[in-house]
Amino acid sequence: MKFSRQTTLRAQASVAGVGVHSGLPVTLTLGPAPVDAGFIFVRTGLEGSDREVQATAEQVIATDFATVLGDRNGPLVSTAEHVLAALRGMGVDNATIEIDGPEVPIMDGSAAAFIAAIDQAGIVTQPAQRRFIQVLKPISVKIGDSFGEIRPHTNGFRVEVEIDFTNPVIGQQAYAFDLNPEGFRREVGRARTFGLMNDVARLWSAGYALGASFDNTVVFDDERLLNTEGLRYADECARHKVLDVIGDLSLAGLPLLGAYRSVRGGHKLNHAVLTALLADRTAWRVVEGEAARRTTRAVGEVGRGIVGGRVAAAFGPDVS
Ligand SMILES: [Zn+2]
0 MKFSRQTTLR AQASVAGVGV HSGLPVTLTL GPAPVDAGFI FVRTGLEGSD
50 REVQATAEQV IATDFATVLG DRNGPLVSTA EHVLAALRGM GVDNATIEID
100 GPEVPIMDGS AAAFIAAIDQ AGIVTQPAQR RFIQVLKPIS VKIGDSFGEI
150 RPHTNGFRVE VEIDFTNPVI GQQAYAFDLN PEGFRREVGR ARTFGLMNDV
200 ARLWSAGYAL GASFDNTVVF DDERLLNTEG LRYADECARH KVLDVIGDLS
250 LAGLPLLGAY RSVRGGHKLN HAVLTALLAD RTAWRVVEGE AARRTTRAVG
300 EVGRGIVGGR VAAAFGPDVS
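To convert, note that position 104 of the sequence shown is 103 in numbering that gives the first Met the number 0; the numbers rise steadily by one, no gaps.
Next comes the structure, spelled out in structure tokens:
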């Protein structure tokens with residue numbers, strides 16, 4: 000199956016869990032959405048009507064402990080990044096994400112449960128070409144000692160993450176990943192949220208991370224990993240940062256053609272780089288992918304027909 004066309008889910012599929020910060024039970028249901036819809040959160044269970052929020056960078060209202068989306072009436076969806084990573088990572092373009100509480104369930108701290116839900120729902124192609132945001136020039140942001148950059152890249156979407164913790168058990172790690180669905184499923188989607196015991200204890204006393212436990216967070220103290228089951232990968236922390244990047248940068252609204260690098264980064268840095276990219280109209284353009292011909296077509300304001308360059312067909316499962 001070629002996915003140079005847009006995709007959505009064939010059916011609905013639900014997962015139930017708790018929010019990592021609120022500790023409250025929540026059910027999340029993924030479902031189909033029309034061509035060009037992108038990812039739309041639908042918050043149910045409120046007094047009055049359901050509220051929708053588009054998963055785009057403009058709707059980000061906080062990035063302190065997680066990525067929070069909302070509108071002028073306040074926050075609507077917290078911890079949006081892992082389910083968004085699963086959708087983008089698995090090659091879904093358009094989907095609704097219905098939740099009956101304020102926070103996406105943390106599940107096991109990775110994207111595995113959302114990948115399973117996508118598998119259960121099934122992916123179908125839609126009668127429209129997939130569109131991409133192609134990065135045309137490097138954009139970088141420095142925040143304190145963290146550094147993020149997105150740059151042109153000829154082959155799909157690449158993420159390079161470096162972390163450097165004073166905690167000796169985590170230490171320095173680097174992980175680079177060229178986005179494709181099978182790689183995402185195997186190498187990145189299962190990497191769990193992590194934290195330091197001191198930080199978790201501090202968050203608990205401040206009323207945060209109330210749902211955090213060894214069931215959904217990899218926890219380190221200064222000497223060792225505290226989870227008895229061990230790590231899923233030796234560099235699970237760096238891989239989880241890659242997962243977060245894929246989710247946070249899905250807020251571009253379209254898949255990216257470019258390479259993103261972060262050093263000591265997090266949600267705040269990811270959001271800052273994406274916002275800086277989108278704000279510079281000379282730094283990107285929208286293109287349509289045509290996997291079979293290995294060309295791209297510029298569309299929208301910059302539409303000049305088929306572009307001669309051999310921009311590789313993109314992110315995407317043109318694996319069969
Ligand atoms: Zn995360």
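Note that CB positions come from ideal geometry on N, CA and C, so glycine has one too.
Integer-rounded CB distance, given that residue j should sit under 8 Å from residue i
{"i": "Val-82", "j": "Leu-27", "result": "7 Å"}
{"i": "Leu-230", "j": "Val-217", "result": "7 Å"}
{"i": "Val-286", "j": "Phe-131", "result": "5 Å"}
{"i": "Ala-258", "j": "Glu-159", "result": "7 Å"}
{"i": "Arg-129", "j": "Val-76", "result": "Not really, about 25 Å apart at Cβ, beyond 8 Å."}
{"i": "His-266", "j": "Asp-243", "result": "7 Å"}
{"i": "Val-369", "j": "Gly-147", "result": "Residue 369 is absent from the model: the chain starts at 0 and stops at 319."}
{"i": "Ser-145", "j": "Leu-256", "result": "Going by Cβ atoms, the distance from Ser-145 to Leu-256 rounds to 24 Å, so no, they are not a contact pair."}
{"i": "Ser-3", "j": "Gly-252", "result": "About 19 Å; that fails the 8 Å criterion."}
{"i": "Ala-320", "j": "Ser-249", "result": "Nothing can be reported for residue 320, as the shown portion of the chain is limited to 0 through 319."}
{"i": "Phe-156", "j": "Pro-74", "result": "That pair is no contact at about 28 Å."}
{"i": "Thr-281", "j": "Lys-136", "result": "7 Å"}
{"i": "Glu-102", "j": "His-20", "result": "6 Å"}
Contact test: residue i Cβ vs ligand 1 heavy atom, cutoff 7 Å
{"i": "Thr-274", "result": "no"}
{"i": "Leu-27", "result": "no"}
{"i": "Val-242", "result": "Looking at the sequence itself, residue 242 is Leu, so the reference to Val does not match. The answer is yes for Leu-242."}
{"i": "Glu-235", "result": "no"}
{"i": "Glu-102", "result": "no"}
{"i": "His-239", "result": "yes"}
{"i": "Thr-7", "result": "no"}
{"i": "Glu-80", "result": "yes"}
{"i": "Thr-192", "result": "yes"}
Test item: CB-CB of residue i and residue j under 8 Å
{"i": "Ala-94", "j": "Gly-30", "result": "yes"}
{"i": "Pro-180", "j": "Gly-88", "result": "yes"}
{"i": "Asp-247", "j": "Thr-66", "result": "yes"}
{"i": "Ile-162", "j": "Arg-260", "result": "no"}
{"i": "Gly-121", "j": "Ala-10", "result": "yes"}
{"i": "Ile-60", "j": "Glu-51", "result": "no"}
{"i": "Leu-68", "j": "Ala-79", "result": "yes"}
{"i": "His-239", "j": "Ala-190", "result": "yes"}
{"i": "Pro-104", "j": "Gly-182", "result": "no"}
{"i": "Arg-150", "j": "Val-140", "result": "no"}
{"i": "Asn-226", "j": "Asp-107", "result": "no"}
{"i": "Tyr-174", "j": "Ala-116", "result": "no"}
{"i": "Lys-53", "j": "Gly-37", "result": "Reading the sequence as shown, one finds Gln at residue 53 and not Lys. Going by C-beta atoms, Gln-53 is nearer than 8 Å to Gly-37."}
{"i": "Phe-164", "j": "Gly-170", "result": "yes"}
{"i": "Thr-192", "j": "Asp-92", "result": "no"}
{"i": "Gly-22", "j": "Ser-109", "result": "no"}
{"i": "Ile-114", "j": "Leu-276", "result": "no"}
{"i": "Asp-35", "j": "Ala-127", "result": "yes"}
{"i": "Ala-12", "j": "Gln-119", "result": "yes"}
{"i": "Leu-195", "j": "Ile-245", "result": "no"}
Beta-bridge partners of residue i, as assigned by DSSP
{"i": "Trp-283", "result": "Val-134"}
{"i": "Leu-27", "result": "Val-14, Ile-98"}
{"i": "Tyr-232", "result": "Paired residue(s): none; Tyr-232 is not in a bridge."}
{"i": "Glu-159", "result": "Ala-175, Arg-260"}
{"i": "Asp-70", "result": "Gly-73"}
{"i": "Leu-45", "result": "In the DSSP output, where bridge partners are listed per residue, Leu-45 has none listed."}
{"i": "Gln-128", "result": "Arg-4"}
{"i": "Val-272", "result": "Val-272 is not bridged to any residue."}
{"i": "Arg-150", "result": "Ala-258"}
{"i": "Lys-141", "result": "Phe-146"}
{"i": "Glu-51", "result": "Val-41"}
{"i": "Leu-248", "result": "BP columns for Leu-248 are empty, so no partner."}
{"i": "Pro-104", "result": "Gly-18"}
{"i": "Leu-195", "result": "Phe-219"}
{"i": "Leu-224", "result": "Phe-219"}
{"i": "Asn-166", "result": "Beta-bridge pairing links Asn-166 to no other residue."}
{"i": "Ile-122", "result": "Leu-8"}
beta-carbon residue i near ligand 2 non-hydrogen atom, thresh 7 Å
{"i": "His-81", "result": "Absence of ligand 2 is noted for the structure shown, with ligand 1 being the only ligands found."}
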